[in-house]
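Colleague:
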Amino acid sequence: MISNRNSFLIPKKLVLFTLVSFSILYSEVFNGYTLYTPMGNNPVTYLINNNNAMIRSWPLPASIASISYLLPDSSLLVPLRAPTNSWNAQGPMGGRLVRFDWDGNILWDFTFTGEDFIPHHDIEPLPNGNVLVICFDRKTQEEAIAAGRSNINGEMWPDKIVEIEPTTPNNGVVVWEWSMWDHLIQDENPSADNYGVVADHPELLDINLGNVGGGGGGGPGGGSNGDWNHVNSVSYNAERDEIVISSRHMNEFYVIDHSTTTEEAAGHTGGNSGKGGDILYRWGNPQNYDRGNAQSQQLVAQHGVNWINPGFPGEGNFILFNNGGNNSNTSYVYEIVPPLDENGNYFINENEPFGPSYPIWTFSGGFHSPMQSGAFRLPNGNTIVTAAQFGYVFEVELDGDVVWEYNHPEGNMIARAQKFAMPFNNDPGPSFMLGDANYDGVLNIYDITLMVDVSLGVSNPNPPSDYNQDGIVNFSDISSLLNFIMFN
-11 MISNRNSFLI PKKLVLFTLV SFSILYSEVF NGYTLYTPMG NNPVTYLINN
39 NNAMIRSWPL PASIASISYL LPDSSLLVPL RAPTNSWNAQ GPMGGRLVRF
89 DWDGNILWDF TFTGEDFIPH HDIEPLPNGN VLVICFDRKT QEEAIAAGRS
139 NINGEMWPDK IVEIEPTTPN NGVVVWEWSM WDHLIQDENP SADNYGVVAD
189 HPELLDINLG NVGGGGGGGP GGGSNGDWNH VNSVSYNAER DEIVISSRHM
239 NEFYVIDHST TTEEAAGHTG GNSGKGGDIL YRWGNPQNYD RGNAQSQQLV
289 AQHGVNWINP GFPGEGNFIL FNNGGNNSNT SYVYEIVPPL DENGNYFINE
339 NEPFGPSYPI WTFSGGFHSP MQSGAFRLPN GNTIVTAAQF GYVFEVELDG
389 DVVWEYNHPE GNMIARAQKF AMPFNNDPGP SFMLGDANYD GVLNIYDITL
439 MVDVSLGVSN PNPPSDYNQD GIVNFSDISS LLNFIMFN
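According to our numbering, the sequence shown holds residues -11 to 476 in order.
1. Pop quiz: Met410 and Asn19 are said to be a contact at Cβ under 8 angstroms. What is the actual Cβ separation, rounded to whole angstroms?
2. Is the beta carbon of Leu120 closer than 9 angstroms to that of Ile231?
3. Quick one: residues in its chain with C-beta nearer than 6 angstroms to the C-beta of Glu16, no 5 flanking neighbours on either side, listed in chain order?
4. Find the nearest neighbour of Trp166 within the set Pro31, Asp125 and Asn182, judged by alpha-carbon distance.
5. Are Pro347 and Ser316 touching if we call contact CB-CB under 9 angstroms?
6. With 16 as the cutoff for other CB atoms within 10 Å, does Gln457 come out buried or exposed?
7. At a cut of 8 angstroms, does the stretch 132 to 142 reach the stretch 168 to 182 through at least three beta carbon pairs?
8. I'd like the list of long-range same chain contacts for Ser284, defined as Cβ closer than 7 angstroms, with 5 residues on each side in sequence excluded.
9. Relative to the alpha-carbon of Arg220, which residue among His291, Arg279 and Ser74 has its alpha-carbon at the smallest distance?
10. Using CA atoms only, rank isn't needed, just tell me which of Leu48, Ser51 and Pro67 is closest to Tyr57.
11. Is it buried or exposed, Asn141, if we count other Cβ atoms within 10 angstroms and call 16 or more buried?
12. Should the stretch 289 to 303 be called in touch with the stretch 226 to 241, which here means at least 3 C-beta pairs below 8 angstroms?
13. Using a Cβ-Cβ cut-off of 8 angstroms (strictly less than) and excluding sequence neighbours within five positions of Ser51, which residues of its own chain qualify?
14. Have a look at Gly379 and Ile43 and give me their C-alpha separation to the nearest angstrom.
15. At which residue ranges does the stretch 376 to 444 contain complete beta strand (DSSP E) runs of 3 or more residues, listed in the order of the chain?
16. CB-CB under 6 angstroms to Phe472, same chain, minus the five flanking residues each way: which ones, in chain order?
17. Using only alpha-carbon positions, find the residue among Ala425, Trp75, Phe105 and Asn116 that is nearest to Asp61.
18. Where does Gln360 fall in DSSP's three states?
19. Here's the rule I'm using: 16 or more other beta-carbon atoms within 10 Å means buried, otherwise exposed. How should Asp387 be labelled?
20. Starting from Ile149, follow the alpha helix (DSSP H) in both directions and report where the run begins and ends.
21. Whole angstroms are fine: how far does the CA of Glu131 sit from the CA of Pro71?
22. In whole angstroms, give me the CA-to-CA distance for Leu197 and Met238.
23. Excluding the 5 residues flanking Lys407 on each side, which residues of the same chain have their C-beta closer than 8 angstroms to its C-beta?
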């Protein structure tokens, strides 16, 4: 007579086979943590796993301006709104930078505002510990007219990018700066500054483009003010030492050289490119530099442009969320291949716009958000997308299959979510118990599934997956945990 224990061996093997098959079949989801921050009152940044279980949360001391960043040392960097009475603006205004450790203790709390500038929207943490910040750069009506603006009635707020080095727990210094104001052109007033032929200078921005405080969406929060470019995101490429920024009102994005000094960034020579702070590459709306028309416009009110990371499918390409504006029913995710010559420089043919003519990859699944939003490529080739207005986050494969989705239960807007590989080796990450591969505090089938992914090499390893503590994650760990779950 077969004992109860022996009779259980056959279904146990079948269960394990089923789990392995299940993991292979559904291994499309990137095994990582998703970081997001709902906007509104009582703000909190959340880190969740693929089962939507919360791993960690950070209550914030003020409203968030845009998106939180989880740094390699497991600290959190957040742009928050600072009180100010000198700026007629609402929406994603910032001015306060706060960095928390994993346990929520404040490591750095720096307020950075002034009468002539204020941060807004996005920030970008740099590998050296500094932070790039988008700022409005206040100009008077008289300054705008002198620079060649022909239609203005009030202030003008072009954007600038500043790099801040944290110095003390409550302070920082500006170590680099670039301003759009230093790279203008206009063809309407020969007596004013910046006069020239717009089509001959795609490296410069026409000061007479768009409305001031308008551009289809008004200033931040929809109000009337001096908002002109409405830059809404900033991203850094360490390999190229370049910055890309997204301008909602101009319906295009711009690449600039970060290797310059501040003095070179204000001019037209210097840096790795030899072009100073001039625009190295732009894409989305070539009619802005008189090398296209309405039919050649590709972007409408886009957000979140960033480079695809080295080693990821599509590395070096740009990826972004093309919102489509308030009157659209559909938004898109675009991947764009920049035109580079054999030396890695951006090239443009004479009298033609920058390429490419079309994105190399486009995704639209019936979602739409007229504001904020974004997309990031993941290591396995999937893309995590945020339709901000509805707090909807999802992960999509290159073939268009949505393999994971999340709706924030409170319905608040989420500017952009990011997904990170689960911590391992040098980064201790959160506390854990062995076998709890998804860090939800419970040992169950979900942990087995994740461990199978790790053993097959399709997901990132993490400490609790090494159940027998031998330094590798393999069948032995899976079998041991399965035995524990089934007989306890």
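Idealized CB from N, CA, C, for every residue including glycine.
Modeller: A quick look at the data gives this:
1. Indeed they touch by this definition, with Cβ atoms about 6 angstroms apart.
2. Here Ile231 is near Leu120, since their CB atoms are less than 9 angstroms apart.
3. Within the same chain, Glu16 has close Cβ partners Glu385 and Val391.
4. The shortest Cα separation from Trp166 among Pro31, Asp125 and Asn182 belongs to Asp125.
5. Contact flag unset, no.
6. If you draw a 10 Å sphere on the C-beta of Gln457, you find fewer than 16 other C-beta atoms in it, and that means exposed.
7. Short answer: they touch.
8. Spatial neighbours of Ser284 in its own chain (CB-CB distance under 7 angstroms, excluding positions within 5 residues in sequence) are listed in chain order as Pro274, Gln275 and Pro341.
9. The residue you asked about is not Arg; residue 220 is Asn in the sequence shown. A check of alpha carbon separations from Asn220 across His291, Arg279 and Ser74 identifies His291 as the nearest.
10. Checked all of Leu48, Ser51 and Pro67; the closest Cα to Tyr57 is Pro67.
11. Answer is exposed; the Cβ neighbour count stays below 16.
12. Cβ pair count under 8 angstroms is three or more, so yes.
13. Within the same chain, Ser51 has close Cβ partners Met27, Gly28, Asn29, Pro31, Leu68 and Arg69.
14. In this model, Gly379 and Ile43 are separated by some 19 angstroms (Cα to Cα).
15. For the stretch 376 to 444, whole beta strand (DSSP E) runs of length 3 or above, ordered along the chain, are 380 to 384, 390 to 395 and 406 to 409.
16. Take Phe472, set aside five residues on each side of it, and no residue of its chain has a beta-carbon closer than 6 angstroms to its own.
17. Closest by C-alpha distance to Asp61, out of Ala425, Trp75, Phe105 and Asn116, is Asn116.
18. DSSP places Gln360 in coil when its eight states are reduced to three.
19. Taking a 10 Å sphere around the C-beta of Asp387, we find fewer than 16 other C-beta atoms and assign the residue as exposed.
20. No alpha helix (DSSP H) contains Ile149, which is instead part of the beta strand (DSSP E) from Asp147 to Thr156.
21. Pro71 and Glu131: Cα-Cα distance of roughly 27 angstroms.
22. Those two C-alpha atoms are separated by around 8 angstroms.
23. Cβ neighbours of Lys407 beyond the five flanking positions: Phe18, Gly20, Tyr21, Thr22, Leu23, Phe364, Leu366, Ile372 and Glu383.
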